[in-house]
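In UniProt numbering, the protein residues as written are 1 to 378.
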């Protein structure tokens, strides 16, 4: 087998591979003989089919299978031979028979060679603590998640749930998706387009009203983007939240007894929040560090690396039991290597921070969560 390689870009190499036809023919003949022992053809007993009959009936398909297997095997031999640090699977093209050889090209992405500059980097490192107020707010959120809605005769206000019918028009014409009956909306949730919820605030049960709004310029329905619209609103029900008491029944939801009480619940909630803060702060400084590093260094990233990182971040969501994830990483060498890479990544961050100009900033628990969400969405 003959192999040559050349750089296509900073993160890709092209292999030119030539495999002697004799190697293909040798495997082709061996596979014909194996097939002759198992194939069933009318007029012949199984295991007694002549090879020339198998060649005539199945030769083309068997030959293509052999070629595919040869390419699969030799491309990895070629990668090793050329000492290429490959990322992902190679792409095969331009397969042809030429001068007593099977010739093909393979393009493979490689890890980029980076000479990173650490000097002069500026990194913002944030710190945060969970306060009693944060714990109380989290407890209230837990209550809200299990709250009941009770009717009120008063005006609709923020955090109240309104049930209503609506019918929208643009330039006097109805449009698809612009009407609904018995629609439920918690005011302040931000589910609707700007101005819609504000138009409902102050309305009472049985009241009708027409509100004027404008669809955002980036609205998903292009035929409505940026257009002014009117919605006729008919309120059917206004409800306010009734939070459950933190009693024995509520504590039982979280596996606590009445004797352990609300203080134990607060302690557990604080522990979870502090773990979340620790992870959040580490992710923040890691993100800020790499953002600064990327800004100071022009690095081309292979598409395969991006795809692998996306797969890695969504993989754990398929496991309900954390022990399954641990076992998965223990038994899979490739995945274990990724975990080792994460550990190494943390060490790299510490090394960069030691050389960078670091600015420390104290943020609240809520602001830290908002930043995490924005980074995940962005």
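Backbone N, C-alpha and C define an ideal beta-carbon position, used for all residues, glycine too.
The distance from the Cβ of residue 163 to that of residue 12 is about 58 Å, inconsistent with a contact at the 8 Å cut-off.
Distance from the CA of residue 172 to the CA of residue 109, rounded to the nearest whole angstrom, comes to 56 Å. Contact annotation: the stretch 183 to 201 does not touch the stretch 253 to 267, with fewer than three C-beta pairs closer than 8 Å.
Pairing residue 282 with residue 367, the inter-Cα distance amounts to about 15 Å.
Cβ neighbours of residue 244 within its own chain (closer than 8 Å, five residues either side excluded): 143, 146, 147, 148 and 250. DSSP places residue 89 within a strand segment (E or B) once states are collapsed to three. Comparing alpha-carbon positions, the option among 203, 304 and 129 lying closest to residue 278 turns out to be 129. In the three-state reduction of the DSSP assignment, residue 78 falls in the helix class, which pools H, G and I. Under the three-state reduction of DSSP, residue 199 is assigned to helix. When the beta-carbon positions are compared, residue 82 and residue 18 stay at least 7 Å from each other. In the structure shown, the three-state DSSP call for residue 16 is strand.
In the DSSP assignment, residue 288 falls within the alpha helix (DSSP H) that extends over 261 to 296. Sixteen is the threshold: when 16 or more other Cβ atoms of the shown chains lie within 10 Å of the Cβ of residue 352, as they do, the residue is buried. With distances taken between CA atoms, residue 55 lies nearest to 35 out of 116, 35, 70 and 48.
The C-alpha of residue 88 is placed about 19 Å away from the C-alpha of residue 70.
A direct Cα-to-Cα measurement between residue 292 and residue 117 gives close to 10 Å. Residue state for residue 25 is assigned as helix, using DSSP reduced to three classes.
Beta-carbon to beta-carbon, residue 357 and residue 122 are separated by about 5 Å, close enough to satisfy the 8 Å threshold.
Inclusion of residue 31 and residue 66 in the CB contact set at 7 Å is warranted, their separation being smaller than that value. Residue 191 sits in coil when the DSSP states are folded into three classes, being neither helix nor strand.
In the structure shown, residue 104 falls within a strand segment according to DSSP collapsed to helix, strand and coil. CA-to-CA, the gap between residue 50 and residue 64 works out to about 20 Å. In this structure, the CA atom of residue 21 is about 10 Å from the CA atom of residue 28.
Note that the C-beta distance between residue 16 and residue 105 is below 7 Å.
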